[in-house]
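In the numbering used here, the protein residues as written are 220 to 469.
Data first, discussion second: the structure below is written as C-alpha cells.
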Amino acid sequence: MKIVRAKDYEGMSRKAANLISAQIILKPDSVLGLATGNSPIGVYRQLVEWYRKGDLDFSEISTVNLDEYYGLSKTDIHSYAYFMEENLFTKTNILAENTHIPNGLNLDELAECSNYNQLIQALGGIDLQLLGIGHNGHIGFNEPNEAFEKQTHCVKLTERTIKANASFFATQEDVPKKAYTMGMKSIMNAKKIVLIAHGESKAEILALAFTGKITPEVPASILQLHQDVTIIADEAALELLLKNSKESKI
Ligand code: F6R
C-alpha cells in the first residue's frame, strides 16, 4: 500500500489525475473504473483540462462506474450517469458506447446485476479503479455488512449514507433508498486501485480501514489485501492514518 500526501483537495486531485493520465498514456485502451461524489470532481476537472490541452486522448478508453441509484434514469440530474456526463464524458472524446454505468431504471435487480457482472468480464476487468470512501467505510455502495458481497448487487443504503449524500438532493427524503453497486470482488480484481480522500471528516475511517482489522463491517478494510493500492489524501484526512502507521510500522 502506498500513501501519497497532498496539501489540499486540489493537490489530491492533481496527483490522482496524474496517475490516471499515466495509465491512459501507457495503455490507451485501458478500462477505467470510476467513482462519483465530491472526491473525484477535481480529478475529472484536471483530466478534462489536460484533454483540452491535447495531452490526453480518451478515444480508446472504456469506463465502468461503481454504482447507480436504483430507480433513477440517466437524464435525472441526481443520477450518477448524469454526474459522469457533466463532469467527464461530454467534456472529452470518450465514446458514449464505451461508458458503462448500472441501469438504475432496470428494476429487475437480478437481471441488472447479472448484466453488469457480465459486462465487466467481457471488458476483461478493470485496469485502474478510482475510489472514494464513505464515512462508514463503504466503497462504491458496499455498505458495512456481515459478509463481503462479491458481485454486483442492489443494496439498501444506510441512514448515514443517505444523510451524507443528501447535499446533492433538495431534501434528504429525495435520496433514493437503494442503489446498484459493483461488488468487492470486481473492485479487488482491478489491477490498480487509487483511493482518494480529503478533509478531517475522513481521517477516522481512513485510519480504521487501513490500520484496523479486515472486516466486512468496514468494507474498505479489504483493500489491505490488494497488491497495488495507492491512497492519495490531503493532510487532514491522513493525520490519524499516518500516526497509526508509524506506531505499527506499516
Ligand atoms: C460513489 C461512491 C461512493 C463515494 C463515497 C464518498 O460512486 O462510490 O462510495 O466514493 O460515498 O463520497 P464523497 O466523495 O462524496 O465523500
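Beta carbons are placed, not taken as given, at the ideal position from N, Cα and C, and that holds for glycine.
Heavy atom of the ligand COA within 7 Å of residue i beta-carbon
{"i": "N306", "result": "This structure simply doesn't include the ligand COA; it includes the ligand F6R instead."}
Given residue i as reference, the closest of the options once Cα atoms are compared
{"i": "L425", "options": "K397, L459, N322", "result": "L459"}
{"i": "A428", "options": "K410, V448, L342", "result": "V448"}
{"i": "T294", "options": "S249, N284, E305", "result": "E305"}
{"i": "E279", "options": "K246, R271, K272", "result": "K246"}
{"i": "H372", "options": "T380, E378, G359, R379", "result": "G359"}
{"i": "I441", "options": "K465, N463, N408", "result": "N408"}
{"i": "T434", "options": "Q242, E362, F308, I260", "result": "E362"}
{"i": "Y399", "options": "V250, Y288, G252, I244", "result": "Y288"}
{"i": "H354", "options": "P259, A422, E229, G230", "result": "A422"}
{"i": "Q265", "options": "Y301, D393, T311, H297", "result": "T311"}
{"i": "G273", "options": "A254, V250, I244", "result": "I244"}
N- and C-terminal bounds of the alpha helix (DSSP H) containing residue i
{"i": "N384", "result": "378-384"}
{"i": "T430", "result": "422-430"}
{"i": "A300", "result": "299-306"}
{"i": "K375", "result": "Looking at the DSSP string, K375 is not in any alpha helix (DSSP H); the run it does join, the beta strand (DSSP E), is 372-375."}
C-beta atoms of residue i and residue j nearer than 8 Å
{"i": "E331", "j": "N322", "result": "yes"}
{"i": "T262", "j": "S232", "result": "Before going further, note that residue 262 is Val rather than Thr in the sequence given. A contact, by the Cβ cut-off of 8 Å."}
{"i": "K382", "j": "K397", "result": "no"}
{"i": "A456", "j": "G418", "result": "yes"}
{"i": "A235", "j": "I415", "result": "yes"}
{"i": "P259", "j": "L324", "result": "no"}
For residue i, the first and last residue of its enclosing beta strand (DSSP E)
{"i": "A452", "result": "448-453"}
{"i": "K221", "result": "221-225"}
{"i": "K411", "result": "411-416"}
{"i": "K397", "result": "397-400"}
Nearest-angstrom Cβ-Cβ length linking residue i and residue j, presumed shorter than 8 Å
{"i": "Q370", "j": "G402", "result": "4 Å"}
{"i": "G252", "j": "L275", "result": "About 18 Å separates the two Cβ atoms, so there is no contact after all."}
{"i": "L347", "j": "I239", "result": "6 Å"}
* To do: Counting only runs of 3+ residues fully inside the segment 313-354, write out the beta strand (DSSP E) ranges in chain order.
  => List check, beta strand (DSSP E) in window: 347-350.
* Asked: Enumerated in chain order, which unbroken segments of the alpha helix (DSSP H) with a length of 4 residues or greater are wholly contained in the segment 238-294?
  -> 260-271
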